[in-house]
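Chains as they are written, first to last, in this note's numbering: chain R, 108 to 276; chain F, -11 to 90.
Where is the CB? At the ideal position from N, CA and C, for every residue including glycine.
These notes concern the structure reproduced below.
The following block contains the structure:
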């Protein structure tokens, strides 16, 4: 299907360009907005991969919660230091390490048998939400409970960190 | 039809961008951006392999959901730490925050 190819190319280009812009934008606020677009591109790739529920979750959690939280934090944190923060020079060390990782792992993937791995052309999409729910509540019930503990602990931790101590300040 | 390796290449490039940000950036917020990008590349890998190995098996998508939830918890705590650091030091550049070194 040609539509799928076009969608894949456009979404991957959006994701990668937005990710680079998120790290290289002159102001961190623009970087945060570009990061939200990168998350959106990944959600689109999930839809191309027939994982609509994960795409929904990605939009809700990443764009709706994390990106907005990051945006608020950026606006709170960079208030005073905005003027003197100029563009950081590109350090060659990071580029070298990233290029080595991309070339090495990419070469391994490109020369493996994964190149000839195409999706099974016709399949009936299962009831995804029901299937995931049944997996989460039966086979992965204990990880789900531990995940609930992690989320609760992180909320308590974030609240404790953000609490302003009247005596110390 | 898109071969699996295309998704893997996109995922590797995203991971490389994340590593580049982690190595070369000093702003703590940008370090958090880089971590989020790397986590996204891992999620993409999970979902792509889940789709291409056996589409009727939803375990890859379930693990991607778990990973997204853990990333949300990590982002909340990380942003809290950045807020506290900024309140105490008026600075978010990690290269200027080395108190124990000197």
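What does residue i reach in chain R if we use C-beta pairs closer than 7 Å?
{"i": "residue 60 of chain F", "result": "168, 172 and 173"}
{"i": "residue 80 of chain F", "result": "184"}
Would you please state the rounded distance, in angstroms, between the beta carbons of residue i and residue j? I believe it to be under 8 Å.
{"i": "residue 53 of chain F", "j": "residue -5 of chain F", "result": "18 Å between Cβ atoms; not a contact."}
{"i": "residue 65 of chain F", "j": "residue 261 of chain R", "result": "5 Å"}
{"i": "residue 67 of chain F", "j": "residue 180 of chain R", "result": "5 Å"}
{"i": "residue 9 of chain F", "j": "residue 130 of chain R", "result": "4 Å"}
{"i": "residue 35 of chain F", "j": "residue 156 of chain R", "result": "5 Å"}
{"i": "residue 70 of chain F", "j": "residue 16 of chain F", "result": "5 Å"}
{"i": "residue 47 of chain F", "j": "residue 38 of chain F", "result": "7 Å"}
{"i": "residue -8 of chain F", "j": "residue 40 of chain F", "result": "5 Å"}
{"i": "residue 176 of chain R", "j": "residue 59 of chain F", "result": "Rounded, the Cβ-Cβ distance is 12 Å, inconsistent with contact."}
Whose Cβ in chain F lies nearer than 8 Å to the Cβ of residue i?
{"i": "residue 181 of chain R", "result": "17"}
{"i": "residue 268 of chain R", "result": "65, 68, 69, 71 and 72"}
{"i": "residue 221 of chain R", "result": "-9, -8, -7 and -4"}
{"i": "residue 239 of chain R", "result": "46, 49, 50 and 53"}
{"i": "residue 216 of chain R", "result": "-7, -4, -3 and 0"}
{"i": "residue 127 of chain R", "result": "5"}
{"i": "residue 208 of chain R", "result": "0, 3, 4 and 7"}
Name the chain F residues that come within less than 7 Å of residue i, Cβ to Cβ?
{"i": "residue 249 of chain R", "result": "Near residue 249 of chain R there are no residues of chain F at all, since even the closest Cβ is about 12 Å away, more than 7 Å."}
{"i": "residue 225 of chain R", "result": "-11 and -9"}
{"i": "residue 137 of chain R", "result": "Those within 7 Å of residue 137 of chain R in chain F number zero; the least Cβ separation is about 12 Å."}
With a 10 Å radius around its C-beta and 16 neighbouring C-beta atoms as the bar for buried, classify residue i as buried or exposed.
{"i": "residue 122 of chain R", "result": "buried"}
{"i": "residue 87 of chain F", "result": "exposed"}
{"i": "residue 109 of chain R", "result": "exposed"}
{"i": "residue -2 of chain F", "result": "buried"}
{"i": "residue 252 of chain R", "result": "exposed"}
{"i": "residue 29 of chain F", "result": "buried"}
{"i": "residue 13 of chain F", "result": "buried"}
{"i": "residue 190 of chain R", "result": "The predicted position of residue 190 of chain R is uncertain, since its pLDDT is 48 and thus under 50; no value can be drawn from it."}
{"i": "residue 83 of chain F", "result": "exposed"}
{"i": "residue 120 of chain R", "result": "exposed"}
{"i": "residue 20 of chain F", "result": "buried"}
{"i": "residue 210 of chain R", "result": "exposed"}
{"i": "residue 133 of chain R", "result": "exposed"}
{"i": "residue 259 of chain R", "result": "exposed"}
{"i": "residue 145 of chain R", "result": "buried"}
{"i": "residue 247 of chain R", "result": "buried"}
{"i": "residue 167 of chain R", "result": "exposed"}
DSSP state of residue i, grouped into three classes?
{"i": "residue 31 of chain F", "result": "helix"}
{"i": "residue 277 of chain R", "result": "Residue 277 of chain R is absent from the structure shown; chain R starts at 108 and stops at 276."}
{"i": "residue 45 of chain F", "result": "coil"}
{"i": "residue 157 of chain R", "result": "coil"}
{"i": "residue 134 of chain R", "result": "coil"}
{"i": "residue 185 of chain R", "result": "coil"}
{"i": "residue 39 of chain F", "result": "helix"}
{"i": "residue -1 of chain F", "result": "helix"}
{"i": "residue 220 of chain R", "result": "helix"}
{"i": "residue -10 of chain F", "result": "coil"}
{"i": "residue 250 of chain R", "result": "helix"}
{"i": "residue 225 of chain R", "result": "coil"}
{"i": "residue 215 of chain R", "result": "helix"}
{"i": "residue 8 of chain F", "result": "helix"}
{"i": "residue 268 of chain R", "result": "helix"}
{"i": "residue 116 of chain R", "result": "helix"}
{"i": "residue 257 of chain R", "result": "helix"}
{"i": "residue 169 of chain R", "result": "helix"}
Against residue i, what residues of chain R qualify as contacts under a CB-to-CB distance less than 9 Å, listed in chain order?
{"i": "residue 13 of chain F", "result": "130, 195, 198 and 201"}
Who pairs with residue i in a beta bridge, going by DSSP?
{"i": "residue 77 of chain F", "result": "Paired residues: none, contrary to the question."}
{"i": "residue 15 of chain F", "result": "F/81"}
Cβ closer than 8 Å: which chain R residues qualify as neighbours of residue i?
{"i": "residue 32 of chain F", "result": "149, 152 and 153"}
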